[in-house]
Each structure stands twice: as structure tokens, then as C-alpha cells.
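A short write-up of the structure that comes next.
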Amino acid sequence: MSISGPDKDTAERIRLRAALIERIGGYMTAHALGVVADLGIADLIKDGVRGSDELAAESGTHEPSLRRVLRLLAAVGVTTEPEPARFGLTEVGALLRSDSPDSLRAFTRVFCSPMWLTAWQGLGQAVATGELAFSSAKGSDFYSSLAADGEFSALFHEAMGEESRIAAARVAAAYDFSQATKVVDLGGGDGTLLAAVLTAHPHLSGIVFDSPNGVADAPAVLSKAGVADRCEVRPGDFFQDIPGDGDLYIIKSVFQDWNDEDAVALLRSCRAQMPDSATLLVVGTVLPEAARADQSIAYFTDVNMMVMAGGRERTEPEFRTMLTQTGFTVESVRFGAAGPLSMIQATPAAAR
1 MSISGPDKDT
11 AERIRLRAAL
21 IERIGGYMTA
31 HALGVVADLG
41 IADLIKDGVR
51 GSDELAAESG
61 THEPSLRRVL
71 RLLAAVGVTT
81 EPEPARFGLT
91 EVGALLRSDS
101 PDSLRAFTRV
111 FCSPMWLTAW
121 QGLGQAVATG
131 ELAFSSAKGS
141 DFYSSLAADG
151 EFSALFHEAM
161 GEESRIAAAR
171 VAAAYDFSQA
181 TKVVDLGGGD
191 GTLLAAVLTA
201 HPHLSGIVFD
211 SPNGVADAPA
221 VLSKAGVADR
231 CEVRPGDFFQ
241 DIPGDGDLYI
251 IKSVFQDWND
261 EDAVALLRSC
271 RAQMPDSATL
281 LVVGTVLPEA
291 ARADQSIAYF
301 TDVNMMVMAG
311 GRERTEPEFR
321 TMLTQTGFTV
331 ESVRFGAAGP
341 LSMIQATPAA
351 AR
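Take the sequence shown: its letter number 19 is residue 19 in full-length UniProt numbering, and every next letter is one higher.
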């Protein structure tokens, strides 16, 4: 029997209320994910189905509480519960495994960490005043806090490497590297992107350039990829001095970290020090000019950067304006060319 009349209206009202309540509960899911990722529960489940009693014994946790958290995650599609108190992993949940080629365990631990969640509690103040929520909560800016916490810094850079894997493979496949010989990855972190590019294009050599903390794990990543003999690791500050001996410069997911003033300063540094014949490839999110539901992650990232670092995502016209005013000519914009990320190719304008 179909629902009609007042009953149908009530069902729709219940559905709408449930949809909002699910979104309100997002922070609860984040806390649950952070706990499970910290404990390595997905590694304990692996490919099978395990009892919550076994998982609690192996993780040193309180079984009834762990079971309830895993049940919540089953309700949102991360774990499964085929039998009472026995849990497996969905395809989404499998990304929490450390040994998954697409693992997001470190990414989850960072974004669901107390540091992140505490800063996000200041969102209301940030909206009211424009002040940086992270600095208000922690008393220092994000990058200073990161540099002062070696353990969290290592986890953060591991997370950024995880986030880069799919985009790195897409950049390596989607961009024409035939005219390049030496690629400089500015803000290249642990070298995940450049390792993928050099693996796919044996004629290239490269430089990974980032802060000393940022490049700490790059030698190991490059060595594991078998490209260490073609890639140099250089620590430095890209606001002050960048390598001047490349012919293709890649900046991936960096501009979102900075406000407009700092983003322009970074581009001016690049323009002043890169050869006139070189090419700049910006890889990152390019926002639609009006919000779209199918690009929700871009808007999560945009507000996250507002909260954590004072940065922002940008639209195509905003990128074009910044590049033009700092001495670059935009040659092309390829939306979604690097998975969810876009690629903007620019060259130095004729005169500095």
C-alpha cells in the first residue's frame, strides 16, 4: 500500500529532519573515525570479520564502548556488522588500513585529531570577526605549531602524501612532460608527486623543495620509488629562495594554504627566480563560481583553510588575476585533469 495524503507529508518531514540530524552528527562521526584510526582497528579487522571482543582485547580497549563506536560507523558505511558484535570493513572503511595502496589512515588521524577539532570549535568566532580560529585556540599560527611538534608534523606530512597519491598519478599521466627536462616540485613534501612523475617519465630529473620538516621523509619515498638517483631534495623557504635551475615548476595544493597577500608573494618569488623559459604548473582545486553539491570536498577544504591557516580555495578568475599581476600568462586551465584537482599552466610574461 502506498503512502498518500497526510501520511506522505509526515514521511517527507521525517526524512528532511533525519537528513539534517545526520549532518549535525558529522562531528560525532569524525570523533569516532579518529579513535578507530588511532587504534588501528582497520588493521586488526583486515579482510575478514572480527568480534568486538577480539578487537577490544587486541587494542586494549573497553569492549562495550568499542562495539558501540563500530556500530555507529557501520550505520554510516565505514564498517559492517553482518552478525551482532562482529565487524568487517566496507570499501570505504578499507581505506583506514595502513597497508591499503589508497590508505587515508594518517589523513583521518590528522583531520580528526584534537588539534583540528579544537580549532574548529572557533568557527563561530572566525565568522563573526574574521580572526583565525586556530591561532585563537592555540596561541600561535598553524605552521609554527606544526614545526614545534615533531611527531604531529611527521603524521601531517604522511597524511599529505596519502592525499597526493591519486592526484600524483593523474598529473603524471595527464600532463605532457616531453618538453621538460628538470621538474621542481615547490612545496613537494615527502616527494610523492615527483616520484610518480619521474617514474612515469624516465627522461626527467627533479628537485623536491619544501621546509626542512616537509622534506624529512622525501629521501625514503624517492628511494622506494627507485628515482632517488634522478631527484635532489632541497630544504628551503619558497617565499625567500627557490631553485633556479628547473624548466618546469609544479605547485600542488599549496596556494590554498595562504591568504591572497601571501599567495601573491609566493608567485612573485617564483617569477623572480625561475628562468624566463620555464613553465609553471599549478595543480589544485579551482572552485566553481557558484556552489555545487557534487564538489562538496572543495568547500570543506575552503572553510578548513579559513579555520586552520587563513588560506582559501579560489575560482578560475581569481587564479588568473593573481597570476597576471605577478608576471605570468595563463596558457590553459584543465578542470578535473588531476582527479578532483585541476591544472593551470602558466608561463612568465615577456617582461619582468
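From the three backbone atoms N, C-alpha and C, an ideal C-beta is built for every residue, glycine too.
Leaving out five residues before and five after residue i in sequence, what residues of the same chain have Cβ atoms less than 8 angstroms from its Cβ?
{"i": "R271", "result": "T326, G327, F328, P348 and R352"}
{"i": "A85", "result": "G51, S52, D53 and R67"}
{"i": "A30", "result": "F111, C112 and L117"}
{"i": "K138", "result": "M115, T118, A119 and S145"}
{"i": "K182", "result": "L204, S205, G206, I207, D245, G246, D247 and L248"}
{"i": "I166", "result": "D102 and G339"}
Just mark residue i as buried or exposed, buried being the case when its beta carbon has 16 or more other beta carbons within 10 Å.
{"i": "P243", "result": "buried"}
{"i": "Y27", "result": "exposed"}
{"i": "V238", "result": "It is Phe, not Val, that sits at residue 238 in the sequence shown. By the 10 Å Cβ count, F238 comes out buried."}
{"i": "L186", "result": "buried"}
{"i": "K224", "result": "exposed"}
{"i": "H203", "result": "exposed"}
{"i": "A346", "result": "buried"}
{"i": "H62", "result": "exposed"}
{"i": "K252", "result": "buried"}
{"i": "R292", "result": "exposed"}
{"i": "D7", "result": "exposed"}
{"i": "F107", "result": "buried"}
{"i": "L20", "result": "exposed"}
{"i": "T79", "result": "buried"}
{"i": "E91", "result": "exposed"}
{"i": "S332", "result": "exposed"}
{"i": "A57", "result": "exposed"}
{"i": "E22", "result": "exposed"}
{"i": "A298", "result": "buried"}
{"i": "V286", "result": "buried"}
{"i": "R15", "result": "exposed"}
{"i": "V127", "result": "exposed"}
Given residue i, which residues of its chain have a CB within under 6 angstroms of its CB, disregarding the five upstream and five downstream residues?
{"i": "D141", "result": "S135"}
{"i": "A200", "result": "A172"}
For residue i, I'd like the list of residues in its chain whose CB is within less than 7 angstroms of its CB, leaving aside the five on either flank, ordered along the chain.
{"i": "V35", "result": "V69"}
{"i": "A18", "result": "none"}
{"i": "D9", "result": "none"}
{"i": "A180", "result": "L204, D247 and L248"}
State the DSSP-derived secondary structure class of residue i, mapped to helix, strand or coil.
{"i": "K252", "result": "strand"}
{"i": "Q345", "result": "strand"}
{"i": "P340", "result": "coil"}
{"i": "A104", "result": "One detail in the question is off: residue 104 reads as Leu in this sequence, not Ala. Residue state, collapsed to three classes: coil."}
{"i": "R17", "result": "helix"}
{"i": "K182", "result": "strand"}
{"i": "T326", "result": "coil"}
{"i": "A351", "result": "Summary for A351: the model assigns pLDDT 45, below 50, so the residue's position carries little reliability, and this model does not support an answer."}
{"i": "P64", "result": "helix"}
{"i": "P235", "result": "strand"}
{"i": "V333", "result": "strand"}
{"i": "V76", "result": "coil"}
{"i": "E81", "result": "strand"}
{"i": "A9", "result": "Per the sequence shown, the amino acid found at residue 9 is Asp instead of Ala. D9: helix per DSSP, three-state reduction."}
{"i": "D276", "result": "coil"}
{"i": "Y299", "result": "helix"}
{"i": "N259", "result": "coil"}
{"i": "residue 354", "result": "With the chain covering only 1 through 352, there is no way to say anything about residue 354."}
{"i": "Q240", "result": "coil"}
{"i": "F177", "result": "coil"}
{"i": "D38", "result": "helix"}
{"i": "G161", "result": "helix"}
{"i": "R230", "result": "helix"}
{"i": "V92", "result": "coil"}
{"i": "K138", "result": "helix"}
Is the CB of residue i under 7 angstroms away from at least one CB in chain B?
{"i": "E313", "result": "The structure shown has no chain B; it contains just one protein chain."}
Check the DSSP bridge columns for residue i and list the partner residues they point to.
{"i": "G51", "result": "R86"}
{"i": "F111", "result": "According to DSSP, which records beta bridges pairwise, F111 is partnered with nothing at all."}
{"i": "L281", "result": "I250 and Q345"}
{"i": "S205", "result": "K182"}
{"i": "L287", "result": "T315"}
{"i": "D210", "result": "P235"}
Can you tell me the Cβ-Cβ gap for residue i and residue j, rounded? I've got them flagged as a contact below 8 angstroms.
{"i": "G150", "j": "G88", "result": "Contact flag wrong, Cβ pair sits at about 36 angstroms."}
{"i": "F255", "j": "G284", "result": "6 angstroms"}
{"i": "D210", "j": "P235", "result": "7 angstroms"}
{"i": "A337", "j": "R105", "result": "About 27 angstroms separates the two Cβ atoms, so there is no contact after all."}
{"i": "G93", "j": "A42", "result": "6 angstroms"}
{"i": "G161", "j": "T192", "result": "4 angstroms"}
{"i": "P219", "j": "V197", "result": "P219 to V197, Cβ: 17 angstroms. No contact."}
{"i": "V307", "j": "A133", "result": "4 angstroms"}
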